[in-house]
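Trainee: Structure incoming, see below.
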Amino acid sequence: MTREELEKRFADVLADADLPRPRLNAHVAVRGRFYEADCLWAGQHLIVELDGRAAHGTRRAFESDRERDRLLQSDGWRVVRITWRQLHDDAAAVVADLERMLRTGSGPPTL
């Protein structure tokens with residue numbers, strides 16, 4: 058699964074659900090470091106990372122991903138990781154979760 062195939066599948070899922078399109082491969086600065094977010098909704102402080110096993114399956118990638126998520130989250134970003142299997146086998150649940158996250162914006166949900 059290539060990055061382009063995963064991004065295309067994600068774009069198709071968003072379009073089918075009539076969800077807003079994110080900025081793709083957008084740069085985010087956190088504490089003097091720059092990261093490229095696969096999908097970014099800046100107004101909602103939401104980043105979606107599309108994770109293929111080939112690129113994220115190594116020990117080094119695993120550690121790097123967790124460090125990156127921690128830094129982004131400590132700076133107020135919500136980071137969600139979505140896999141090909143989730144997009145392919147459970148797109149409805151992915152869409153429902155994204156709808157909720159996009160609706161709730163950057164603040165905590167109300168109970």
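The sequence shown stops at residue 168 when you use our numbering, and every number in between is there. C-beta atoms are modelled at their ideal positions from N, C-alpha and C, and glycine is treated no differently. Keep in mind that this is a model prediction, so the values were computed, not measured.
1. In angstroms, rounded to a whole number, what distance separates the CA positions of Cys96 and Arg80?
2. What residue range does the alpha helix (DSSP H) around Thr161 cover?
3. Taking the continuous beta strand (DSSP E) assigned at Asp95, which residues delimit it?
4. Expressed to the nearest angstrom, what Euclidean distance is found between the alpha-carbon atoms of Arg116 and Leu107?
5. What would DSSP say about His145, mapped onto helix, strand or coil?
Mentor: Looking at the coordinates:
1. 6 Å
2. 148-161
3. 90-98
4. 18 Å
5. helix
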